[in-house]
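Start counting the sequence shown at 2; every next residue gets the next number (the numbering used here). Data block below; observations after.
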Amino acid sequence: MKILVLASGGDASGMNKFIAKLAQHFGKSLYACKRGFRGLCENDTYPIRYFEPQKHANEAGCCITSARFPEFKEKQNFEKAVKNAKAFDAVVVLGGNGSQKAVLDMEKAGVKAVFVPCTIDNDVEESEYSIGFDTAVESVKYAFKNVMPSMQAFTRSCVFVTMGKHCGKIAEAAAKAVDADLLITQKAEINEDAIVETIKKNHLKDRATSIILRENIVDTDKFCKKIGEKIAPIEIRPFVVGYLQRGSKPTARELRIAYQFALAAIRAIEIKKLPIATLMEGGKIILKRI
Numbered sequence: 002m003k004i005l006v007l008a009s010g011g012d013a014s015g016m017n018k019f020i021a022k023l024a025q026h027f028g029k030s031l032y033a034c035k036r037g038f039r040g041l042c043e044n045d046t047y048p049i050r051y052f053e054p055q056k057h058a059n060e061a062g063c064c065i066t067s068a069r070f071p072e073f074k075e076k077q078n079f080e081k082a083v084k085n086a087k088a089f090d091a092v093v094v095l096g097g098n099g100s101q102k103a104v105l106d107m108e109k110a111g112v113k114a115v116f117v118p119c120t121i122d123n124d125v126e127e128s129e130y131s132i133g134f135d136t137a138v139e140s141v142k143y144a145f146k147n148v149m150p151s152m153q154a155f156t157r158s159c160v161f162v163t164m165g166k167h168c169g170k171i172a173e174a175a176a177k178a179v180d181a182d183l184l185i186t187q188k189a190e191i192n193e194d195a196i197v198e199t200i201k202k203n204h205l206k207d208r209a210t211s212i213i214l215r216e217n218i219v220d221t222d223k224f225c226k227k228i229g230e231k232i233a234p235i236e237i238r239p240f241v242v243g244y245l246q247r248g249s250k251p252t253a254r255e256l257r258i259a260y261q262f263a264l265a266a267i268r269a270i271e272i273k274k275l276p277i278a279t280l281m282e283g284g285k286i287i288l289k290r291i
């Protein structure tokens with residue numbers, strides 16, 4: 002039996018734990034291709050030992066490397082990828098919604114695959130959880146905990162910009178955990194008068210104001226400048242949490258869940274119920290036919 006694993010899209014903490022468990026179980030039967038679907042298309046494939054997965058098991062990042070490859074949709078690239086994938090008995094794909102769609106398309110072309118939700122945004126609809134989410138939220142909490150004391154020292158306001166291109170779950174979970182003053186996940190939620198009023202009220206009480214803002218809905222610098230003009234002389238500062246959300250060491254919970262997802266993927270491959278997705282439902286990892 003020959004198994005292939007690849008990661009598509011953004012990296013997510015916990016991916017390495019998943020890959021390491023697969024490597025431990027399948028040994029020389031496991032291969033990986035660099036840079037996700039781009040690597041599959043180019044047949045850039047190596048035995049798993051090349052990537053030393055056990056060395057990186059408890060670290061962030063993606064030891065087999067990942068990439069976005071929108072050109073996968075092009076007929077010639079898709080056909081190359083399918084041809085290379087068919088050299089394997091099963092292809093394990095770690096990624097988000099785009100990767101899930103790619104698995105569905107490959108399945109129609111005869112590829113046996115396992116889809117594993119790995120995206121810090123936690124926006125794979127069929128799954129309650131995607132690998133990477135817990136660490137991403139903890140990273141925002143860490144930034145908040147270590148930045149707000151300085152903001153408080155000057156009674157400034159701070160806008161924490163979280164990842165979440167089309168989804169506000171990281172921002173929502175973090176805001177709830179740290180009890181942020183304001184949460185903005187949609188452009189329609191921006192009420193400048195209400196923001197200004199909150200900042201001024203807090204300032205009168207010698208309190209700094211914390212705002213958690215999802216990325217991609219407004220230009221942060223322009224937003225802070227506009228609010229800053231209305232609250233002067235109170236200061237407002239942006240803090241982009243950024244790659245901490247991807248690159249932070251996975252939490253203990255993250256590692257545990259990634260390991261459970263790996264066990265489910267192994268089970269799916271061994272019972273040959275492919276194509277299939279590993280999903281979390283009711284707090285448990287399940288296998289669901291695609």
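For glycine and all other residues, C-beta sits at the position ideal for the given N, C-alpha and C.
{"Asked": "How long is the line joining the alpha carbons of Thr1 and Ile185, rounded to whole angstroms?", "Found": "Only positions 2 to 291 of the chain appear in this structure, which leaves residue 1 out of reach."}
{"Asked": "At the 9 Å Cβ level, is Ile191 part of the contact set with chain D, yes or no?", "Found": "Absence of chain D from the displayed structure is noted, only one protein chain being present."}
{"Asked": "Could you say if the region 85-93 and the region 110-126 meet the contact criterion of at least three C-beta pairs nearer than 8 Å?", "Found": "yes"}
{"Asked": "For Ser211, write down the residues that DSSP places opposite it in a beta bridge.", "Found": "Cys159"}
{"Asked": "So what's Ile244 in DSSP terms, helix, strand or just coil?", "Found": "According to the sequence provided, residue 244 is Tyr. The question's Ile does not apply to it. DSSP places Tyr244 in coil when its eight states are reduced to three."}
{"Asked": "Tell me, please, whether the region 65-84 touches the region 247-263 by the rule of three or more beta-carbon pairs shorter than 8 Å.", "Found": "no"}
{"Asked": "Taking the C-alpha atoms as reference points, what is the distance between Lys223 and Ser211?", "Found": "17 Å"}
{"Asked": "Confirm, please, whether the CB-CB distance from Asp122 to His167 is below 9 Å.", "Found": "yes"}
{"Asked": "Sorted by chain position, which residues of the same chain lie with C-beta nearer than 8 Å to Val242's C-beta, five sequence neighbours on each side aside?", "Found": "Ser140, Val141, Ala144, Phe161, Val162, Thr163 and Met164"}
{"Asked": "Return the CA-CA distance between Gln55 and Arg69, expressed in angstroms with no decimal places.", "Found": "25 Å"}
{"Asked": "Check each candidate in Gly284, Phe27 and Pro71 and name the one with the smallest Cα separation from Ile4.", "Found": "Phe27"}
{"Asked": "Tell me Lys285's beta-bridge partners as DSSP assigns them.", "Found": "Glu282"}
{"Asked": "Out of Gly97, Lys177 and Ala195, which one is the CA nearest neighbour of Ala279?", "Found": "It is Thr, not Ala, that sits at residue 279 in the sequence shown. Checked all of Gly97, Lys177 and Ala195; the closest Cα to Thr279 is Gly97."}
{"Asked": "Reducing DSSP to helix, strand and coil, say where Gly11 ends up.", "Found": "coil"}
{"Asked": "By DSSP, does Ser30 sit in helix, in strand, or in coil?", "Found": "helix"}
{"Asked": "State the DSSP-derived secondary structure class of Val219, mapped to helix, strand or coil.", "Found": "coil"}
{"Asked": "Check the C-beta distance from Val45 over to Cys34 and give it rounded, since I have them as a contact under 8 Å.", "Found": "One point to set straight first is that residue 45 is Asp, not Val, in the sequence displayed. With a Cβ gap of about 5 Å, Asp45 and Cys34 count as contacting."}
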